[in-house]
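Undergrad:
In my numbering, the protein residues as written are 829 to 1042.
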């Protein structure tokens, strides 16, 4: 069982909260959990490890944005796969210089979608924004699953094609050893390929059931 499964956090469908001062983290987590959203508060020391568990959304307060926290998030963003773009909700104090902070974070966190709220923010507005961000993240998860499935299918197709080619080469070598003329080789090889094709068709049509090859 993975760390994600042990912690019951799932993948890309939960909220990580970095709000180390006052009671912001506990309040925000409770607010989300009351609406059926999974959330977990992080201390600055736990941030890196919890980011590795693949949160759906990161919520961070203005005062938590020290150089170490910014660098930790930046490192996580740089390690994201191409399909991933984590939404980051930034809660600003009323007197914060939003344009300056936004410019700095956009430069430090280029592979993220940043959403800014000024405190005090209405609970309904914050929850709605986080829910929308989670929906975006879930769509990213669907893309990830599609890409993984496509890769599996391509590997399986490659494996099957190689097996078929190996069988065809073996049939040709066997036919060639018994041939007494080029015309006879061509006819025998064609017949054996046709038989191989019939076998594959019968096996496919049987859908895993026993096939009588008579």
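Note that beta-carbon positions come from the ideal geometry of N, C-alpha and C, so glycine has one too. All figures in this text were calculated on a predicted structure; none of them were measured in a lab.
The alpha helix (DSSP H) spanning residue 860 covers which residue range?
TA: Here residue 860 refers to the residue found at position 32 of the chain shown. Note, residue 860: alpha helix (DSSP H), 852 to 862.
Undergrad: Under 9 Å between the Cβ atoms of residue 918 and residue 898?
TA: To locate residue 918, count along the chain shown from 1; it is residue 90. To locate residue 898, count along the chain shown from 1; it is residue 70. The answer is no: Cβ separation not under 9 Å.
Undergrad: Counting Cβ pairs closer than 8 Å, one from the region 932 to 950 and one from the region 902 to 922, do we hit at least three?
TA: yes
Undergrad: Do you know whose CA, among 889, 856, 914, lies nearest residue 926's CA?
TA: For the purposes of this step, residue 926 is taken as the residue at position 98 of the chain shown. The candidate whose alpha carbon is nearest that of residue 926 is 889.
Undergrad: For residue 841 versus residue 955, is the C-beta spacing smaller than 9 Å?
TA: The residue labelled residue 841 in the question sits at position 13 within the chain shown. The residue labelled residue 955 in the question sits at position 127 within the chain shown. Against a cut-off of 9 Å, the Cβ pair of residue 955 and residue 841 comes out as no contact.
Undergrad: Leaving out five residues on either side along the sequence, give the residues of the same chain with a beta carbon under 7 Å from the beta carbon of residue 1110.
TA: Here the chain comprises residues numbered 829 to 1042, so residue 1110 is not present and cannot be evaluated.
Undergrad: Would you kindly work out how many angstroms separate the C-alpha atoms of residue 981 and residue 972, rounded to a whole number?
TA: Position 153 of the chain shown, counting from 1, holds the residue named residue 981. Position 144 of the chain shown, counting from 1, holds the residue named residue 972. Looking at the two C-alpha atoms, the distance is approximately 14 Å.
Undergrad: How many angstroms separate the CA atom of residue 831 from the CA atom of residue 855?
TA: In the chain shown, the residue the question calls residue 831 occupies position 3. In the chain shown, the residue the question calls residue 855 occupies position 27. Caution is warranted here: a pLDDT of 49 is assigned to residue 831, below 50, making its placement in the model unreliable, and the coordinate value is therefore given only provisionally. Their backbone Cα atoms lie some 25 Å apart in a straight line.
Undergrad: What residue does the beta strand (DSSP E) around residue 899 start on, and which one ends it?
TA: The count along the chain shown starts at 1 and reaches residue 899 at position 71. Residue 899 -> not in any beta strand (DSSP E); alpha helix (DSSP H) instead, spanning 895 to 906.
Undergrad: Report yes or no: do three or more beta-carbon pairs, one from the region 895 to 914 and one from the region 857 to 870, lie closer than 8 Å?
TA: no
Undergrad: How would you write the range of the beta strand (DSSP E) that residue 1038 sits in, first residue to last?
TA: The residue given as residue 1038 occupies position 210 in the chain shown. First-last for residue 1038: undefined, no H or E at that position.
Undergrad: For residue 946 and residue 952, I'd like the C-alpha separation in whole angstroms.
TA: As a first step, residue 946 must be located in the chain shown, where it is residue number 118. As a first step, residue 952 must be located in the chain shown, where it is residue number 124. Whole-angstrom Cα-Cα distance: 14 Å.
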